[in-house]
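Each residue of the sequence shown is one higher than the one before, starting from -7 at the first, in this note's numbering. Everything on this sheet refers to the single structure shown next.
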Amino acid sequence: MSHTENQKKIRTKKEILANLDKISERKSFNFELKGLTRTTRDLLSDLIDKILAHNNIDNPEAGFHIFSSMMEILLNALKGNIRFVIYKDELLKKLDGGKPGDKEAEQLVKTILTTASLRDAMDRYVIPEKLKTSVQTILRLEEKIRVKKLQLDDDEAELLNSIRDLLDKGDYRICMKIVVTKSDIYIRIHNNVPIMLDDQDRIMSSRRVHHRLFLEGRSGDFFRPEYLDEKESAGLGIAMVDEGYYNLGLNPIDLFSVTTSSKSTTIYMKYPVKALQEAKPL
Ligand SMILES: Nc1ncnc2c1ncn2[C@@H]1O[C@H](COP(=O)(O)OP(=O)(O)OP(=O)(O)O)[C@@H](O)[C@H]1O
Ligand SMILES: [Mg+2]
């Protein structure tokens, strides 16, 4: 993870940690993340606590919601990037007729990926279940070496390296910008892969259902089994962010947006300072 200041000075994680008190007084932060390690999470948690303190927000509930929402959205971006490179690779393998490096197949993949209708047709062609398992495998291998400090066997190492290589070559990044003004705290998280059309539709409609339940005074019911999507990814992450807003008495439909194009996904989260100062713990 690195942080760029207004003067475009790039700091490493170590440098940020050593200067966190001073840095947290700033009004604008830019981060570039490659993963979501324990140190990165701790650092962001401390940073949020300090930003809230500088803005006279003495509300642990608010800190908790902002931090957990940020983690959820960053994790989505991380998984989204991994899923997309695997998906692209699978597609290429299907189209290159066993000839790696086939320029025509590469061009075809590019066209498919930038054309929404083709991309979604292909989405059904590349088996989602397999894709999901592959993403989980990669995350598990990352954890095995980073957290558990275990050795990977040859096959595992080869798989992980091939994905890391694809991520590096394709310049898949996650950028986060935090802006603090007198009235609001803004968080923008950006990654350079799209949300698939099916998922977009699912996200939109579940957010609507959740909002309707909120208006009926029972937003928490959204997490009951009868409302959960039966598909593999339940869309719980985004719902959890929404629920955080509802619990703070804020309307996520106005303050939290998920936008995506054929090339990228951007999430905006806005928190009015005054509302955070006044929000009562549940
Ligand atoms: N930044 C992103 N880039 C690409 N796809 C995304 C991104 N954020 C969300 N998605 C897509 O939107 C879906 C819904 O996200 P959400 O976090 O609500 O689901 P989830 O229950 O956490 O499941 P998942 O484990 O797939 O994240 C994800 O499954 C993913 O396909
Ligand atoms: Mg998620």
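All C-beta atoms in this analysis are idealised placements derived from N, C-alpha and C, irrespective of residue type, glycine included.
A contact is defined here as three or more CB-CB pairs under 8 Å, and the segment 103 to 121 meets this definition with respect to the segment 77 to 87.
Contact annotation: E98 and L83 have beta-carbon atoms that are not nearer than 8 Å. Comparing C-alpha distances from S61 to each of S256, P264, I230 and S253 shows the shortest one belongs to I230. Around the beta carbon of A69, a 10 Å sphere encloses 16 or more other beta carbons of the protein chains shown; the residue is thus reported as buried.
Annotation: K14 to E64 spans about 27 Å, alpha carbon to alpha carbon. The alpha-carbon of D38 is positioned some 21 Å away from that of Y260. M168 is positioned such that its CB atom lies closer than 8 Å to that of I179. Per DSSP, the unbroken alpha helix (DSSP H) holding M196 starts and ends at L189 to L207. If the five residues before and after L12 are omitted, its C-beta is found closer than 7 Å to the C-beta atoms of D38, L39 and K42, all from its own chain and listed in chain order. The segment 78 to 135 contains, as complete alpha helix (DSSP H) runs of 4+ residues, the segments 95 to 106 and 108 to 117 (chain order). Less than 8 Å separates the beta-carbon of V185 from that of N73. Going by DSSP, K6 is part of the alpha helix (DSSP H) stretching over K5 to A10.
Counting along the chain, no alpha helix (DSSP H) covers S175, and no H or E run does either. Here Y237 has H57, N243, P244, L247 and F248 as same chain residues with Cβ atoms under 8 Å from its own Cβ, once five neighbours each way along the sequence are excluded.
By the C-beta density criterion, E24 is exposed, having fewer than 16 other C-beta atoms within 10 angstroms.
Counting of Cβ neighbours within 10 angstroms places I119 among the exposed residues, the total staying below 16.
The three-state secondary structure of L67, taken from DSSP, is helix.
Proximity of the segment 88 to 106 to the segment 136 to 145 falls short of the contact definition, fewer than three beta-carbon pairs being nearer than 8 Å. The nearest non-hydrogen atom of ligand 1 is 7 Å or more from the C-beta of E135. Only exposed fits R216, as fewer than 16 other CB atoms lie within 10 angstroms of its CB. Rounded to whole angstroms, the Cβ separation of L66 and I187 is 15 Å, and the two are not in contact under 8 Å. Pairing L133 with L158 gives a Cβ-Cβ distance that is not under 8 Å. Per DSSP, the unbroken alpha helix (DSSP H) holding I155 starts and ends at D146 to K161. Only residues of its own chain outside the window of five on either side were considered, and among them L110 have a CB closer than 8 Å to the CB of T103, listed in chain order.
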